[in-house]
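As structure tokens, the structure follows; a few thoughts come after it.
2 protein chains.
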Amino acid sequence: MEKTTVFDVIERMSALIRSEERKKCTEFGLQPVHLQVLDYLSRCNKYSDTPASLTNYLGMTRGTVSQTVLLLEKKSYVKKTTDTIDRRVIHLSLLPEGKAMLGQARPSELFNQASDFLKQDELGHYDETMVNMLSALQKSNKSHSFGLCKTCQYFTLLPDGHLCGLTKEQLTEEDSGKICQEHRAL
Amino acid sequence: MEKTTVFDVIERMSALIRSEERKKCTEFGLQPVHLQVLDYLSRCNKYSDTPASLTNYLGMTRGTVSQTVLLLEKKSYVKKTTDTIDRRVIHLSLLPEGKAMLGQARPSELFNQASDFLKQDELGHYDETMVNMLSALQKSNKSHSFGLCKTCQYFTLLPDGHLCGLTKEQLTEEDSGKICQEHRAL
DNA sequence: GCTACATATTTCGATTCGCTACTTTATGGC
DNA sequence: GCCATAAAGTAGCGAATCGAAATATGTAGC
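In structure tokens form, the structure reads like this:
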């Protein structure tokens, strides 16, 4: 029963954010999916910055993703680079203009205002809870990573070991070399 | 700094849910926005079940929403009813088939599995935190309600007063008659 | 080295989606 | 009654999406 409630609330937050995002999109003449692509590219590692990974992440067809990327390329939001080893694969990367667009389209005002409604000293505690929730969701997500932890953008080297910056989990040296199940799509 | 992290995590959850949802969509031959409409209609009250409210919620144009509703009507997911008092107004309602579709398309498996990764005794605590977060987001959302609290689907009558079932807030008799700022779009 | 198969991506035609501008119908103030 | 306003629908056009076939590169077996 409680289970349902918690995830129901998450769905509500998700819907709210999406609604705000769509409004921003029409403002800039983009579709939500375009922002999703930019967001993905701002977070993926070099093992998952390909059209194939993007296709898997978005759940669209290869053809559509190809067209979408073409559009974003025309607008100078992303750049294509052919892999030097395997010349079949294409690496996608965000260009400065793409990053700028992503920054503008984020519901940052919404978040700024929301934080005013939360007690400042509670935010740290919220943080921990939320990260646990996210971690659980990621673990149950079937879309696994193709990247190594040590190449993840959240990977951090500490004096006393390794740390995943997103889940705040300690990682062993061995773990860092393994394929990451957590961050691929994020 | 902490502020950024918390909302960043929410954005990650949101992105993950959307990704899963899109996969479900293509499975059923629907667009994400169609599910958004069904979801909205399952939660709106009689003051916000109109195409105009839906338009405001989705951030799309009236024409587009009109077409979208037409499509969902053809598929027997929703039903239109003309308002008896103001004959310009149309009320939309979910049909059983629409509810069934909504149930199928929800990332329920994702949530079920995610809950297995969380300690059962912590879920209640998570619940409180998440509801606070959602409440803060809703407060800062500019899309205000057009409905009265007492008509909200989350409104509950208790022996000792009134309760908002979503935010768990106590409501005075007076509050219950006011326009709700919290739940319109949800 | 050649063949067969696998993988990554693109191309293309048909279809659907979404926006803009315009129209229709209904309400309310004067 | 007349006009402004509001809710919803319609038509046409461009963009997005799908599905299937095509292209290009890499891999494995002989």
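Quick mapping for you: the protein sequence lines, in order, are chains A and B.
Sequential numbering from 442 applies to the first sequence in the working numbering.
Sequential numbering from 442 applies to the second sequence in the working numbering.
No residue lacks a Cβ here, since even glycine has one placed at the ideal position from N, Cα and C.
Here the structure is a predicted model, which means the values were calculated and not measured.
Of the other Cβ atoms in all chains shown, 16 or more fall within 10 Å of the Cβ of A/S494; this residue is therefore buried. In the DSSP annotation of this structure, the continuous segment of the alpha helix (DSSP H) that includes A/T496 starts and ends at 492 to 499.
For chain A, none of the residues of the stretch 514 to 545 of chain B brings a beta carbon within less than 9 Å of one of its beta carbons. Less than 7 Å divides the Cβ of B/V572 from the Cβ of A/V450.
Residue environment for B/F469: exposed (fewer than 16 other C-beta atoms within 10 angstroms of its C-beta). B/L482 is the residue among B/H475, B/A546, B/L482 whose C-alpha sits nearest the C-alpha of B/I531. If you draw a straight line from the Cα of A/V506 to the Cα of A/V478, it comes to about 9 Å.
Not flagged as an interface residue toward chain A: B/L476, since no C-beta distance is shorter than 7 Å. As the crow flies, the alpha-carbon of B/R529 is around 30 Å from that of A/C466. One finds E443, T446, V447, V450 in chain A with Cβ atoms closer than 8 Å to the Cβ of B/D568, taken in chain order.
With respect to the C-alpha of B/R463, the residue from A/K521, A/R463, A/G544, A/Y498 having the closest C-alpha is A/Y498. Counted as a single uninterrupted DSSP element, the alpha helix (DSSP H) harbouring A/L476 occupies residues 473 to 482. The three-state reading of DSSP puts A/S507 in helix, counting H, G and I together. With a cutoff of 7 Å on beta-carbon distance, A/F552 and B/A577 are scored as not near each other. When 8 Å is used as the limit between beta carbons, A/R459 is near these residues of chain B: S455, R459, Q477, in chain order. In terms of Cα proximity to A/T523, the closest of A/A541, A/P492, A/T570, A/M454 is A/P492. Boundaries for B/K521: no alpha helix (DSSP H) harbours it, while the beta strand (DSSP E) harbouring it runs 519 to 523, taken from the DSSP string. When rounded, the separation of the alpha-carbon atoms in B/S455 and B/K521 is 31 Å. If you check each beta-carbon in the stretch 483 to 500 of chain A against every beta-carbon of chain B, the ones closer than 7 Å belong to Y498, L499, G500. In the structure shown, the three-state DSSP call for A/S455 is helix. For A/L575, the number of other beta carbons within 10 angstroms of its own is at least 16, and it is reported as buried. Cα atoms of A/N486 and B/R453: separation of roughly 16 Å, rounded to the nearest angstrom.
Selection A/D568, A/T502, A/L535 evaluated against A/L476 yields A/L535 as nearest (Cα-Cα). DSSP places B/S556 within a helical segment (H, G or I) once states are collapsed to three. Under the 10 Å beta carbon count, A/I526 is surrounded by fewer than 16 other beta carbons and is classified as exposed. In the structure shown, B/L533 falls within a strand segment according to DSSP collapsed to helix, strand and coil. With respect to chain B, the C-beta atom of A/Q554 has a partner C-beta closer than 7 Å.
Burial is judged here by how many other beta carbons sit within 10 angstroms of a residue's own beta carbon; B/R503 has fewer than 16 and is exposed. Straight through space, the alpha carbons of A/V474 and A/L512 are spaced by roughly 12 Å. For B/L533 against B/D480, the beta-carbon gap comes to about 13 Å, at or over 8 Å, which does not count as contact. The CB of B/F558 comes closer than 8 Å to the CB of S576, A577, K580, S581 in chain A, given here in chain order.
Rounded to the nearest whole angstrom, the C-alpha separation of B/T496 and B/V510 is 11 Å.
Approximately 7 Å separates the beta-carbon atoms of B/R459 and A/R459; this is inside 8 Å, confirming the contact.
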